[in-house]
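*Asks:*
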Amino acid sequence: MYMTETTQLEAKVLLLEHDAAQFQVLNEFCREVGLMALPRSAADALATLAQNKDLGGVLLAEDLPCDGPDGLHLARAIHKLRPELPIFLRRTTERQLAPEEEVVVRHRWNTGDLAHLKAAVEYTIFSLRYPTSLVHGIVDLTRSALGAMFPNALVVSESPYVVHDRIIHGEVSTLIAIESTWCRGYMMLQTEESALRQGLIQGFSYAGIGGDLNFRELNNMLGETTNLIWGAFKNRYIPPQAFANQQTQVPIVINHEHKYISFGSQDPQLCIRYQLSDPFRPGLPPLMIVQRFIFNLHWSPDEFAEFDAAAPTVSPTGELDLF
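Quick note, the sequence shown lines up with residues 41 to 363 if you use this note's numbering.
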């Protein structure tokens with residue numbers, strides 16, 4: 041059995057804590073376990089949810105001052121808006137929670153019991169670990185594909201992290217199935233339609249692509265980009281035998297009003313954000329393309345290690361698969 045080096049990626053969490061001592065403790069706790077804390081007050085909590093669509097969870101004090109009698113009032117509001125986000129409640133009373141409250145805050149811990157909180161965070165937010173070589177490989181092949189599709193743009197990748205949110209970034213997304221001997225799931229690209237149009241007007245892509253593009257042409261552009269990344273992923277990570285009983289996959293374009301998609305799994309998703317900017321006009325806002333991997337059907341880091349140890353080195357071809 042091969043073992044593989046895995047990396048615990050960061051996750052963003054909303055930190056709703058008013059007690060100064062506990063705030064300091066939880067800030068340090070977040071740094072130690074790999075959580076990126078976003079400290080907010082009760083008044084700012086819901087607005088922060090609207091501004092951040094890539095969260096991993098919420099840390100909430102039971103006695104947090106808010107509009108209701110306690111923090112459970114705010115917990116219910118958060119759960120209604122984003123039921124996929126796990127809420128970790130710091131108990132400050134001994135009262136029995138009502139059944140509907142237990143559904144909202146499935147993870148509860150007593151003040152000072154950080155071991156219990158850590159176990160809940162590890163089990164919930166970091167339930168999947170990603171091999172370091174896989175994460176680096178995905179970033180490399182995606183940056184190469186984006187560079188091929190947008191040759192005049194400077195492509196920079198942010199640090200990968202995990203998310204539990206199911207909210208889509210922007211108005212246009214692509215979705216394509218990914219399946220190998222060690223995984224089954226999907227890859228998504230997401231971006232804002234106006235930013236993509238502006239990037240093409242600025243000349244990020246080939247000569248002649250830009251100007252008055254309609255949404256279908258923008259969808260096709262993102263779809264071709266997805267196809268190129270998928271082709272590079274297939275060449276590097278999918279052995280021929282994985283396709284023995286499968287049909288060719290093509291990107292599925294999603295452009296809908298509610299910006300919500302669910303894959304029937306509570307597992308965290310691997311998320312990487314790429315900034316495409318004009319190297320000659322650094323003051324202009326960059327085009328942000330958000331990439332997510334959802335391994336909801338099968339995921340085995342150990343099987344990846346076996347594949348990775350035996351796989352031949354394959355150089356990216358830079359060619360676009362057309363179906």
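Note that beta-carbon positions come from the ideal geometry of N, C-alpha and C, so glycine has one too.
Can you give me the C-alpha to C-alpha distance between S213 and Y246, rounded to a whole angstrom?
*Replies:* Reading the sequence shown from its first residue, position 173 is the one you call residue 213. Reading the sequence shown from its first residue, position 206 is the one you call residue 246. Each residue's alpha carbon lies about 21 Å from the other.
*Asks:* Based on the DSSP output, what are the partners of F128 in its beta bridges?
*Replies:* As a first step, residue 128 must be located in the sequence shown, where it is residue number 88. In the DSSP output, where bridge partners are listed per residue, F128 has L99 and H147.
*Asks:* In the structure shown, what three-state DSSP assignment does A345 receive?
*Replies:* Within the sequence shown, the letter at position 305 stands for residue 345. It is helical.
*Asks:* Going by DSSP, what residue range makes up the alpha helix (DSSP H) through I118?
*Replies:* Locating residue 118 in the sequence shown gives position 78, counting from the first residue. It spans G111 to L121 - the alpha helix (DSSP H) in which I118 sits, taken as one unbroken run.
*Asks:* Below 7 Å CB to CB, which residues in the same chain sit around P326 once its five sequence neighbours on both sides are set aside?
*Replies:* For the purposes of this step, residue 326 is taken as the residue at position 286 of the sequence shown. Excluding residues within five positions, the ones whose Cβ falls inside 7 Å are Q315, L316 and S317.
*Asks:* Determine the burial state of L310: buried for a count of at least 16 other Cβ atoms within 10 Å of its Cβ, exposed for fewer.
*Replies:* By 1-based counting over the sequence shown, the position of residue 310 is 270. Per the 10 Å Cβ criterion, buried.
*Asks:* Grouping DSSP H, G and I as helix and E and B as strand, with all else coil, what is W339?
*Replies:* Mapped onto the sequence shown, residue 339 falls at position 299. W339: strand per DSSP, three-state reduction.
*Asks:* Spatial neighbours of L253 within its chain, please: CB distance less than 6 Å, with the 5 preceding and 5 following residues excluded, ordered by chain position.
*Replies:* What you label residue 253 is simply residue 213 of the sequence shown in a count that begins at 1. Once the five neighbours on either side are set aside, the close Cβ partners of L253 are R237.
*Asks:* Got a sec? Which residues, its chain only, sit under 8 Å from W149 by beta carbon, not counting five neighbours each side?
*Replies:* By 1-based counting over the sequence shown, the position of residue 149 is 109. So the list reads F128, L129, R130, R131, H156, L157 and A160, once near-sequence residues are dropped.
*Asks:* Per DSSP, which residues does M189 bridge with? Please list them.
*Replies:* Mapped onto the sequence shown, residue 189 falls at position 149. Answer by DSSP bridge pairing: none, since M189 is not bridged.
*Asks:* For A138, report the span of its beta strand (DSSP E) as first-last.
*Replies:* Walking along the sequence shown from the start, residue 138 turns up at place 98. Taken as a continuous stretch (DSSP letters only), A138 belongs to no beta strand (DSSP E), as it is neither H nor E.
*Asks:* To the nearest whole angstrom, what separates the beta carbons of A115 and V143, a pair I think is in contact under 8 Å?
*Replies:* Position 75 of the sequence shown, counted from the first residue, corresponds to residue 115. Position 103 of the sequence shown, counted from the first residue, corresponds to residue 143. About 10 Å separates the two Cβ atoms, so there is no contact after all.
*Asks:* Pick from A87, F303, K120 and A82: whose alpha carbon is nearest that of E102?
*Replies:* Numbered from its first residue, the sequence shown carries residue 102 at position 62. The residue with the shortest Cα to Cα distance from E102 is A82.
*Asks:* Helix or strand or just coil, what does DSSP make of F273?
*Replies:* To locate residue 273, count along the sequence shown from 1; it is residue 233. Three-state result, F273: helix.
*Asks:* For H113, which residues from the same chain have a beta carbon less than 8 Å from its beta carbon, with the 5 sequence-adjacent residues on both sides left out?
*Replies:* Here residue 113 is taken as the residue at index 73 of the sequence shown, counted from 1. C106 and D107, listed in sequence order.
*Asks:* Is R169 near P279, with beta carbons less than 8 Å apart?
*Replies:* Residue 169 sits at position 129 when you count from the first residue of the sequence shown. Residue 279 sits at position 239 when you count from the first residue of the sequence shown. Contact: no.
*Asks:* Assuming P308 and H147 are in contact, meaning their beta carbons sit under 8 Å apart, how far apart are those beta carbons, in whole angstroms?
*Replies:* Along the sequence shown, one-based indexing puts residue 308 at 268. Along the sequence shown, one-based indexing puts residue 147 at 107. That belief does not hold up - the Cβ atoms of P308 and H147 are roughly 15 Å apart, past 8 Å.
*Asks:* Classify P126: buried if its beta carbon has 16 or more other beta carbons within 10 angstroms, exposed otherwise.
*Replies:* Residue mapping note: residue 126 aligns to position 86 of the sequence shown, counting from 1. Label assigned to P126: buried.
*Asks:* Which of the three DSSP states, helix, strand or coil, is assigned to C106?
*Replies:* Translated into positions along the sequence shown, residue 106 becomes position 66. Coil at C106, not helix or strand.
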